[in-house]
Amino acid sequence: MSKDIQRNLLPLTARLREAMELLDAGVSGAVFVVDSDGVMQGIFTDADVRRALLAGAQLEDESARWMNRKFTAGRASATHEDNLRLLSKSIRHLPILDDAGRPVEFLSWAEIWKLPVTQPSLGGNELKYVSDCIATSWISSQGGYVTQFEQAFARFHDVPHALTVSNGTTALHLALVALGIGPGDEVIVPDLTFAASANVVIHCGAKPVLADVDARTWTLDPADFARKITPRTKAVMPVHLYGHPCDMDPIMEVARLHRLFVVEDCAEALGARYKGRLVGTFGDAGCFSFFANKVITTGEGGMVFTRDVALHQRMNVLRDHGMEKGRRYWHIHPGFNYRMTNIQAAIGLAQMERIDFFLERHREIARHYSERLRGLPGITLPPAESWAENIYWLYSILIDEARAGLTRDALVRYLAEHGVETRNLFYPLHIMPPYPHEGDLPVSTQLSARGLSLPTSKDLEPAQIDRVCDAIAQALEARQPAVT
Numbered sequence: 029m030s031k032d033i034q035r036n037l038l039p040l041t042a043r044l045r046e047a048m049e050l051l052d053a054g055v056s057g058a059v060f061v062v063d064s065d066g067v068m069q070g071i072f073t074d075a076d077v078r079r080a081l082l083a084g085a086q087l088e089d090e091s092a093r094w095m096n097r098k099f100t101a102g103r104a105s106a107t108h109e110d111n112l113r114l115l116s117k118s119i120r121h122l123p124i125l126d127d128a129g130r131p132v133e134f135l136s137w138a139e140i141w142k143l144p145v146t147q148p149s150l151g152g153n154e155l156k157y158v159s160d161c162i163a164t165s166w167i168s169s170q171g172g173y174v175t176q177f178e179q180a181f182a183r184f185h186d187v188p189h190a191l192t193v194s195n196g197t198t199a200l201h202l203a204l205v206a207l208g209i210g211p212g213d214e215v216i217v218p219d220l221t222f223a224a225s226a227n228v229v230i231h232c233g234a235k236p237v238l239a240d241v242d243a244r245t246w247t248l249d250p251a252d253f254a255r256k257i258t259p260r261t262k263a264v265m266p267v268h269l270y271g272h273p274c275d276m277d278p279i280m281e282v283a284r285l286h287r288l289f290v291v292e293d294c295a296e297a298l299g300a301r302y303k304g305r306l307v308g309t310f311g312d313a314g315c316f317s318f319f320a321n322k323v324i325t326t327g328e329g330g331m332v333f334t335r336d337v338a339l340h341q342r343m344n345v346l347r348d349h350g351m352e353k354g355r356r357y358w359h360i361h362p363g364f365n366y367r368m369t370n371i372q373a374a375i376g377l378a379q380m381e382r383i384d385f386f387l388e389r390h391r392e393i394a395r396h397y398s399e400r401l402r403g404l405p406g407i408t409l410p411p412a413e414s415w416a417e418n419i420y421w422l423y424s425i426l427i428d429e430a431r432a433g434l435t436r437d438a439l440v441r442y443l444a445e446h447g448v449e450t451r452n453l454f455y456p457l458h459i460m461p462p463y464p465h466e467g468d469l470p471v472s473t474q475l476s477a478r479g480l481s482l483p484t485s486k487d488l489e490p491a492q493i494d495r496v497c498d499a500i501a502q503a504l505e506a507r508q509p510a511v512t
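Position in the sequence shown counted from 1, then plus 28, gives you my numbering.
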């Protein structure tokens with residue numbers, strides 16, 4: 029894809045300050061210095077600027093005095109593959125020059141070696157089982173893999189029944205509807221979560237009431253949950269965020285005291301445990317997502333389970349158009365088409381066969397990150413309460429601007445320029461138009477502004493984790509004031 033290289037060009041007469049401003053604005057990590065004819069004379073990267081300042085450069089010096097004149101460049105007349113071969117760990121930015129020496133394009137090592145935040149791992153029986161679906165023509169919502177996947181998921185959680193659904197959002201919605209949540213009701217939802225948690229409450233005709241999160245766990249604050257209860261409150265939705273479980277004992281105590289339903293949103297925490305017990309097994313219903321970035325995936329898809337036989341039966345009927353079981357085309361409720369296909373379930377079954385491996389990989393990746401990042405200035409590691417088993421769905425850190433010497437967004441830009449994709453924590457719901465709220469929710473606001481998720485793919489190699497950590501350390505070092 030062609031880039032707007034004009035953003036990266038700096039006149040030979042410009043000052044060093046201008047080169048720094050251009051780099052800070054985010055121009056893929058390199059500034060190309062050109063003369064009045066547009067011919068390239070030098071290059072600036074963050075490293076070049078840092079070396080110049082350490083050598084005594086002044087911000088108002090002419091950039092030509094400090095630019096790197098010994099640069100490597102590709103040629104517009106060469107093949108793309110030949111130019112790519114010039115990139116390396118030491119040559120991360122490659123200007124492409126025309127016959128006159130003018131930059132017309134550039135290649136970035138970061139683009140070629142980009143580490144995604146996450147991607148699915150499909151190295152098991154996925155292809156075998158999907159091929160079986162196709163060979164036998166069982167590709168829609170009927171087929172043996174749906175039942176097998178539900179049974180495997182139920183066994184893992186030691187619950188009697190589990191229902192596949194079309195996605196994690198429909199799992200939440202199905203549970204709320206089956207519990208009778210409707211107009212006039214309120215459901216308490218944490219402010220720091222993906223929007224689906226609140227959207228499904230609205231789709232029921234009810235009102236999501238936002239509660240703040242705990243600064244240590246990033247999940248629903250039991251005390252603020254208790255404060256938000258009114259006579260209209262009918263349910264609470266604890267969200268086990270980024271792989272760390274909520275503090276379920278006080279949440280369940282308050283819920284029982286006020287006779288509230290508890291619907292656990294476990295989309296990001298399959299396999300996480302609270303005091304040794306798997307999340308999803310505490311409340312009236314546990315809801316899971318199998319989107320491509322989740323612990324296990326079916327592409328899209330979800331699961332909901334309960335220990336309540338009557339609730340399970342209601343959800344089973346509502347999931348399939350409200351059709352009475354054993355009486356085809358006889359509808360007893362205005363239900364939904366929330367079914368999962370046999371092909372998706374085939375993928376899910378293959379994924380469940382590797383669930384222990386996936387969870388251990390997440391733990392290994394988290395250990396490696398923590399060993400490398402612990403002690404870096406301004407970096408707070410993910411939550412890890414003594415009573416919790418965090419599965420680190422995404423390895424997420426907090427950036428303290430004052431101690432780190434740079435903002436979260438500046439670190440995001442630096443990592444992007446070094447081929448590392450990141451993801452900011454969710455926006456707090458209360459600042460977005462669909463979720464009006466009165467009063468302050470300071471913890472979720474602060475966490476959202478400071479939080480950053482790093483690459484956490486299950487296939488991430490130790491050298492790739494080191495690459496991410498090295499880039500973070502370099503970014504912090506570049507911004508830290510010199511010690512005198």
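The beta-carbon is built from N, C-alpha and C at its ideal position, and this holds for glycine as well.
Since the structure is predicted, the reported quantities are computational estimates derived from the model, not experimental observations.
(request) Please check the pair Gly406 and Leu504, which I expect to be a contact at CB under 8 Å, by giving their CB distance rounded to whole angstroms. (result) One-based indexing of the sequence shown puts residue 406 at position 378. One-based indexing of the sequence shown puts residue 504 at position 476. Yes, they are in contact, since the Cβ atoms of Gly406 and Leu504 sit about 7 Å apart, within 8 Å.
(message) Once DSSP output is grouped into helix, strand and coil, what is the label at Val193?
(response) Taking the first residue of the sequence shown as 1, we reach residue 193 at position 165. In this structure, Val193 counts as strand in the three-state DSSP scheme.
(message) Taking DSSP's pairing of strands, which residues face Glu417 in a bridge?
(response) The residue labelled residue 417 in the question sits at position 389 within the sequence shown. DSSP, once it has assigned bridges, lists Arg301 as partnering Glu417.
(message) I need the straight-line Cα distance from Ile324 to Trp137, nearest angstrom please.
(response) Translated into positions along the sequence shown, residue 324 becomes position 296. Translated into positions along the sequence shown, residue 137 becomes position 109. So the alpha carbons of these two residues sit roughly 31 Å apart.
(request) Write down the C-beta distance between Thr192 and Met331 rounded to the nearest angstrom, noting that I regard them as a contact closer than 8 Å. (result) Locating residue 192 in the sequence shown gives position 164, where the first residue counts as 1. Locating residue 331 in the sequence shown gives position 303, where the first residue counts as 1. Contact holds; Cβ gap of about 6 Å.
(request) Could you tell me if Ser169 is buried or exposed, where buried requires 16 or more neighbouring beta carbons within 10 angstroms of its beta carbon? (result) Start at 1 with the first residue of the sequence shown, and residue 169 comes out as number 141. Ser169 comes out buried.
(request) Determine, using beta carbons only, whether Val282 and Cys274 come nearer to each other than 9 Å. (result) To locate residue 282, count along the sequence shown from 1; it is residue 254. To locate residue 274, count along the sequence shown from 1; it is residue 246. Result no, Cβ atoms of Val282 and Cys274 do not sit closer than 9 Å.
(message) Since Ala106 and Val132 should fall inside the 8 Å C-beta cutoff, what is the C-beta to C-beta distance between them, to a whole number of angstroms?
(response) Here residue 106 refers to the residue found at position 78 when the sequence shown is read from its first residue. Here residue 132 refers to the residue found at position 104 when the sequence shown is read from its first residue. The pair is not a contact, with the Cβ atoms about 12 Å apart (cut-off 8 Å).
(request) Give every residue of the same chain whose Cβ lies closer than 6 Å to the Cβ of Ser30, excluding the five residues on either side of it in the sequence, and list them in chain order. (result) By 1-based counting over the sequence shown, the position of residue 30 is 2. Here Ser30 scores only 49 on pLDDT, less than 50, and its place in the model should not be relied on; the value that follows carries that caveat. Same-chain partners within the cutoff: there are none.
(request) For Glu178, count neighbouring C-beta atoms within 10 Å of its own C-beta (all shown protein chains included) and say buried if the count is 16 or more, exposed if not. (result) Within the sequence shown, the letter at position 150 stands for residue 178. Buried.
(request) Put Phe184 into one of helix, strand or coil per three-state DSSP. (result) Indexing the sequence shown from 1 puts residue 184 at position 156. In the structure shown, Phe184 sits in a helix (DSSP, three-state: H, G or I).
(request) Compare the beta carbon distance of Cys232 and Ile216 with 9 Å and say whether it is the shorter of the two. (result) Here residue 232 refers to the residue found at position 204 when the sequence shown is read from its first residue. Here residue 216 refers to the residue found at position 188 when the sequence shown is read from its first residue. Their beta carbons are not under 9 Å apart, which means Cys232 does not touch Ile216 by this criterion.
(request) Measure the C-alpha to C-alpha separation of Gly57 and Ala42 and round it to an integer number of angstroms. (result) Residue 57 sits at position 29 when you count from the first residue of the sequence shown. Residue 42 sits at position 14 when you count from the first residue of the sequence shown. The straight-line gap from Cα to Cα measures roughly 18 Å.
(request) Return the CA-CA distance between Ser2 and Asn370, expressed in angstroms with no decimal places. (result) Outside the displayed span of the chain (29 to 512) sits residue 2, for which this structure offers no information.
(message) Only counting the same chain, and skipping five residues up and downstream in sequence, which positions put a Cβ closer than 6 Å to that of Ala510?
(response) Translated into the one-based positions of the sequence shown, residue 510 becomes position 482. Model confidence at Ala510 stands at a pLDDT of 44, short of 50, so the residue's coordinates are unreliable; what they give is reported in the following sentence. Nothing listed; no residue qualifies.
(request) Take the Cβ of Thr512 as the centre, count every other Cβ of all protein chains shown within 10 Å, and call the residue buried at 16 or more, exposed below. (result) In the sequence shown, counting from the first residue as 1, residue 512 sits at position 484. Because the pLDDT of Thr512 is 35, which lies under 50, any placement of that residue in the model is unreliable, and the question is left without a value.
(request) Return the CA-CA distance between Arg255 and Asp240, expressed in angstroms with no decimal places. (result) Within the sequence shown, the letter at position 227 stands for residue 255. Within the sequence shown, the letter at position 212 stands for residue 240. In a straight line, the C-alpha of Arg255 is about 10 Å away from that of Asp240.
(request) Using three-state DSSP, classify Gly271 as helix, strand or coil. (result) Locating residue 271 in the sequence shown gives position 243, where the first residue counts as 1. DSSP places Gly271 in helix when its eight states are reduced to three.
(message) Please report the straight-line C-alpha distance between Phe310 and Leu288, rounded to a whole angstrom.
(response) For the purposes of this step, residue 310 is taken as the residue at position 282 of the sequence shown. For the purposes of this step, residue 288 is taken as the residue at position 260 of the sequence shown. Each residue's Cα considered, the two are about 13 Å apart.
(request) Return helix, strand or coil for Ser424, following the three-state DSSP convention. (result) Position 396 of the sequence shown holds residue 424. In the structure shown, Ser424 sits in a strand (DSSP, three-state: E or B).
(request) Check Thr164 in the structure and name its three-state DSSP category. (result) The residue you call residue 164 lines up with position 136 of the sequence shown. Thr164 falls in the helix class under three-state DSSP.
(message) Please tell me whether Glu417 and Ala300 are closer than 9 Å, where the distance is taken between their beta carbons.
(response) Sequence index remark: in the sequence shown, residue 417 carries index 389 (1-based). Sequence index remark: in the sequence shown, residue 300 carries index 272 (1-based). Yes, Cβ-Cβ distance for Glu417 and Ala300 is below 9 Å.
(message) With three or more beta-carbon pairs closer than 8 Å as the criterion, would you say the region 486-498 touches the region 455-472?
(response) no
(request) Quickly, what does DSSP pair His598 with across the bridge? List them, please. (result) What is shown of the chain runs 29 to 512, which leaves residue 598 out entirely.
(request) Say whether the region 217-224 touches the region 235-254, bearing in mind that this needs 3 or more beta-carbon pairs closer than 8 Å, one atom from each stretch. (result) yes
(message) So for Thr512, helix, strand or coil by DSSP?
(response) For the purposes of this step, residue 512 is identified with residue 484 of the sequence shown, where counting begins at 1. In this predicted model, Thr512 has a pLDDT of only 35, less than 50, meaning its place in the structure is not dependable enough to derive any value.
(request) Rounded to whole angstroms, what's the CA-CA distance from His185 to Leu306? Just pull it up for me. (result) In the sequence shown, residue 185 corresponds to position 157, counting from 1. In the sequence shown, residue 306 corresponds to position 278, counting from 1. Distance between the alpha carbons of His185 and Leu306 is about 7 Å.
(request) Give the secondary structure of Ile324 by DSSP, where H, G and I count as helix, E and B as strand, and everything else as coil. (result) What you label residue 324 is simply residue 296 of the sequence shown in a count that begins at 1. If DSSP states are grouped into helix, strand and coil, Ile324 belongs with coil.
(message) For Gly149, report the span of its beta strand (DSSP E) as first-last.
(response) Within the sequence shown, the letter at position 121 stands for residue 149. First, the amino acid is wrong: residue 149 is Ser here, not Gly. First-last for Ser149: undefined, no H or E at that position.
(request) Counting only the same chain and skipping the five closest in sequence on each side, list residues whose C-beta sits under 8 Å from that of Val62. (result) The sequence position of residue 62 within the sequence shown is 34, counting from 1. Cβ neighbours of Val62 beyond the five flanking positions: Leu37, Leu38, Pro39, Leu40, Met68, Gln69, Arg130, Pro131.
(request) Work out the CA separation of Gly196 and Val228 for me, nearest whole Å. (result) By 1-based counting over the sequence shown, the position of residue 228 is 200. By 1-based counting over the sequence shown, the position of residue 196 is 168. About 11 Å.
(request) Check Ser116 in the structure and name its three-state DSSP category. (result) Residue mapping note: residue 116 aligns to position 88 of the sequence shown, counting from 1. DSSP places Ser116 in coil when its eight states are reduced to three.
(message) Per the DSSP calculation, Phe72 is bridged to which residue(s)?
(response) Locating residue 72 in the sequence shown gives position 44, where the first residue counts as 1. Its beta-bridge partners are Val59.
(message) Could you pull the DSSP bridge partners for Leu1 from this structure?
(response) The structure shown has nothing for residue 1, since the chain only spans 29 to 512.
(message) Alpha carbons only, please: which of Glu214, Ser424, Val291 is nearest the one belonging to Pro259?
(response) Translated into positions along the sequence shown, residue 259 becomes position 231. Out of Glu214, Ser424, Val291, Glu214 has the C-alpha closest to the C-alpha of Pro259.
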